[in-house]
Amino acid sequence: MKRLLLALLATGLALTGQAQVRNEIHVPDLGGYTTLKCDFHMHTVYSDGRVWPTVRVDEAWREGLDAIALTEHIEYRPHKDVTGHHGRSYEIAEEAARKSGILLIRGSEITRSMAPGHFNAIFLADCNPLDQKDWHDSFGEADKQDAFIFWNHPGWDSQQPDTTLWWDEHTEIYDNGWMDGIEVANGIDYFPEAHRWCLEKGLTMLGNSDVHNPIGMDFDFYKGEHRVMTLVLASERSLAGIREALDNRRTIVWIRDLLIGEEKWLHELFEKSVQVVDVQRGEGSCTITLQNTSDFPFHLKKTEHDKSFEYFRTYTIEPQSRHTIRVRFPKDYQGEGKINFRVTNLLVQPGQGMDYSYTF
254 MKRLLLALLA
264 TGLALTGQAQ
274 VRNEIHVPDL
284 GGYTTLKCDF
294 HMHTVYSDGR
304 VWPTVRVDEA
314 WREGLDAIAL
324 TEHIEYRPHK
334 DVTGHHGRSY
344 EIAEEAARKS
354 GILLIRGSEI
364 TRSMAPGHFN
374 AIFLADCNPL
384 DQKDWHDSFG
394 EADKQDAFIF
404 WNHPGWDSQQ
414 PDTTLWWDEH
424 TEIYDNGWMD
434 GIEVANGIDY
444 FPEAHRWCLE
454 KGLTMLGNSD
464 VHNPIGMDFD
474 FYKGEHRVMT
484 LVLASERSLA
494 GIREALDNRR
504 TIVWIRDLLI
514 GEEKWLHELF
524 EKSVQVVDVQ
534 RGEGSCTITL
544 QNTSDFPFHL
554 KKTEHDKSFE
564 YFRTYTIEPQ
574 SRHTIRVRFP
584 KDYQGEGKIN
594 FRVTNLLVQP
604 GQGMDYSYTF
């Protein structure tokens, strides 16, 4: 016990010493809201994670996040030497979060076999009442506290080895008002079925890391990788602002190069990230210069267009970069021209990118 705690303390102190440089994530604010970077699913030694709770705060601060939730398993706590009630990791991390400015959300993971599988309840007042033998009672206790409840990793192959299915138990949970959202992305996985269910059933789309190891073991930041996160369009930078945004489904999921959300938010995200800074039209050609001020890449693919126009088939607008598109057309062309493409990594439907056009 003493040896484990000393090792954890050393790890925590080492990581805290590194927490002097914050990597700000450049993402535009949308619709008059503030875009907050959030991760609502992670673990520490108080369930089956491998780090002390304060380390999660330090990691989030360094990576430029605004809010996190520590969601320890209610039913699975393999580190027998680490004791305490179900909300203990939150209590340990609370002071570090306050000092660093990270918004810390109290949560727990209801951990059951399929069905219903694993669910997170966040914005809890007390995690302990969720420790019930029957999963119905666990959900009921979370509902009594007006928790925000979401289905974790619905396509996890350990529980759904062949096909990602919606079970009768999920219909019961949904009909009882016990399902507010679904993770459409978890760790390195995107679940198109969950994306479709969110659109069809009016549920909030979430993307979370579900990190258990030190975060640097799962994502190689030196190669430009980032943790999966939920971009929350909040009326203010506060717990209340986040909760209101989640209740009203104002989220975008960011996993690898993919951005997943409602089309109106993705459309505005693209327009505010990529601006036309110059247009030069000459005889038989036009050059359009774009500036990407965000930290997102955008992958473009040409769609239906005037066959007399010649321009790229595919194109990547890199983050924080300037790009030029050159369009050729007949020298005697005098009208207004339009180039059409699909932004293939802005997913408005499962597997479907967002259409966009430029006019010159």
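Quick note, the sequence shown lines up with residues 254 to 613 if you use my numbering. All residues carry an ideal CB built from backbone N, CA and C; glycine is no exception.
Beta-carbon gap between residue i and residue j smaller than 9 Å
i    : j    : result
R496 : Y286 : no
T540 : V530 : no
I435 : P407 : yes
A322 : R359 : yes
Which of helix, strand or coil DSSP assigns to residue i
i    : result
D319 : coil
G302 : coil
M367 : coil
E277 : coil
I541 : strand
L484 : strand
Y564 : coil
Q372 : It is Phe, not Gln, that sits at residue 372 in the sequence shown. Here F372 sits in strand by DSSP.
T546 : coil
K584 : coil
R575 : strand
M309 : A quick correction: the sequence has Arg, not Met, at residue 309. Residue state, collapsed to three classes: helix.
K333 : coil
L522 : helix
Range covered by the beta strand (DSSP E) that runs through residue i
i    : result
S610 : M607 to T612
C291 : T287 to D292
D531 : V527 to G535
R595 : K591 to V596
K555 : F551 to K555
Element boundaries [alpha helix (DSSP H), containing residue i]
i    : result
E394 : W388 to K397
R496 : L492 to D500
Y343 : R341 to S353
M470 : I468 to D471
Own chain partners of residue i with C-beta closer than 6 Å, once the 5 adjacent residues on each side are dropped
i    : result
P603 : P445, H448 and R449
A349 : T307 and V310
D463 : H294, N439 and G440
Close-in-space but distant-in-sequence residues of the same chain around residue i (CB under 8 Å, 5 per side omitted)
i    : result
N381 : H338, H339 and G340
P550 : D510, T569, I570, E571, P572 and N598
R490 : T287, L289, D319 and L356
7 Å CB neighbourhood of residue i in its chain, flanking five on each side removed
i    : result
V601 : E516, L519 and M607
E478 : F472
L492 : L356 and I358
F565 : K555 and I578
Distance cut-off 8 Å: residue i Cβ against heavy atoms of the ligand MN
i    : result
G370 : Inclusion of the ligand MN in the displayed structure is not the case, the ligand content being empty and no account of it being possible.
- Task: Output the residue ranges of the beta strand (DSSP E) runs that lie fully inside the region 404 to 450 and measure 3 residues or longer, sorted by chain position.
- Result: 434 to 439
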